[in-house]
Amino acid sequence: MKIGYPCINWTIGCSSGSTFRLRSYSESRLKKTIKNNIDCLLKILQFNAERNIFFFRITSDLVPFASHPVNNFNWKGCFASNFKEIGDFIKKNGIRISMHPDQFTLINSVREDVFERSVKELEYHASILDLMQLDTDAKIQIHAGGVYDNKQHSTDRFVERFSKLDNSLRLRLVVENDDRLYNLNDCIEISNKVGVPVLFDVFHHSINATAASTNQALQLSSRTWNKKSDSVPMVDYSSRNLNGPSRQHADSIDIEDFKKFLLDTEPFNFDVMLEIKDKEKSAAKAIEAANQDIRLNIA
DNA sequence: AGGTGTCAAGCGTCC
DNA sequence: GGACGCTTGACACCT
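Residue numbers (the working numbering): 11 to 309.
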């Protein structure tokens, strides 16, 4: 089991997702920002490796305006060797990588233009992982999308659109249960039709639940990671912020809840992404708890 | 230097 | 039909 956190490291003091306003777009600004972002990304990965944090989500802002028409700069060519260097570090250290395009990426949209932009955005995400020469166990997680007043039609549209995507893209995509529209069963249904692995999100499942217990959910989702090249399943874990609105993530990990989660999910093996605000701090705590847990099992 | 309104993108909900 | 939340940081403009 690898444990990690998404996108931001609060300790190091650099950001791998710096961006700027469209109004201030220029090629030199873009170039400078990308360089800073990927330099920072390598620093974060080194920081993580030194602390046994072997799972990381790369921010979608690594290359600002990557799929925007304003950007016709050849950033892939310009930074190919930098990406390769990071990829080498990732592989050497056995780091698992995910990416998560934001809510504008909708392959089941009723609008053709939204679909087309979404494909471009997905291709951007895949090109990052390709430039790093990572295997297809590095995943891009998306949600099923909108309902558009007819869930069955919208599910079918997802299936149809997904099937037409390039194979190189399909091999990287996984679908995650969301907090309102497509629950675990909906994702499993999609998976049964197109073979896409299902990334189980524990927190979303608690808000948008099916009858499945945590253990059953792991069983159901794990089965969908059935290609050797997918590697072990990814799972998103977070606890809710008890002081804030119901959908907000917690500030720091509730370690007792996390231990309970580890017990609940035995004997399944998977990699856990901690969607918690204090990022690397909670990851370190979770890794410590998991190691203690293993020692207890051995003893 | 510090404060703050706003940011490429969509959908669903609420009024 | 329009504003707002999502989830949240930080850019960029203002003073």
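Beta carbons: idealized from backbone N, C-alpha and C, even for Gly.
Model, not experiment: these values are computed from the prediction.
- Secondary structure note for K86: it is in no beta strand (DSSP E), and the uninterrupted alpha helix (DSSP H) holding it is 85-88.
- Where F210 is concerned, there is no enclosing alpha helix (DSSP H), although the beta strand (DSSP E) around it starts and stops at 208-211.
- Your pair L144 and I100 checks out as a contact, with CB atoms roughly 6 Å apart and the cut at 8 Å.
- In terms of CA proximity to I265, A296 leads the group K289, N92, A296, N301.
- When the beta-carbon positions are compared, I198 and L230 come within less than 7 Å of each other.
- The beta carbon of N81 sits closer than 6 Å to the beta carbons of F75 from its chain, once the five residues preceding and following it are set aside; these are given in chain order.
- DSSP places V242 outside both helix and strand once states are collapsed to three, so it counts as coil.
- Taking C-beta atoms as the reference points, F64 and K102 fail to come closer than 7 Å.
- At the C-beta level, N118 and G87 stay beyond 7 Å of one another.
- Collapsing the DSSP output to three states places I22 in coil.
- Under the 8 Å Cβ criterion, the segment 158-169 does not count as touching the segment 89-96, having fewer than three qualifying pairs.
- Between the segment 261-278 and the segment 185-198 there are fewer than three C-beta pairs closer than 8 Å, too few to call the two in contact.
- Bounds of the alpha helix (DSSP H) holding V204 are 194-204.
- Annotated three-state conformation of V185 is strand, per DSSP.
- In the three-state reduction of the DSSP assignment, S178 falls in the helix class.
- For the 7 Å CB-CB criterion, S70 and M244 do not form a contact.
- Taken atom to atom, the span from the alpha-carbon of R67 to that of V120 is near 29 Å.
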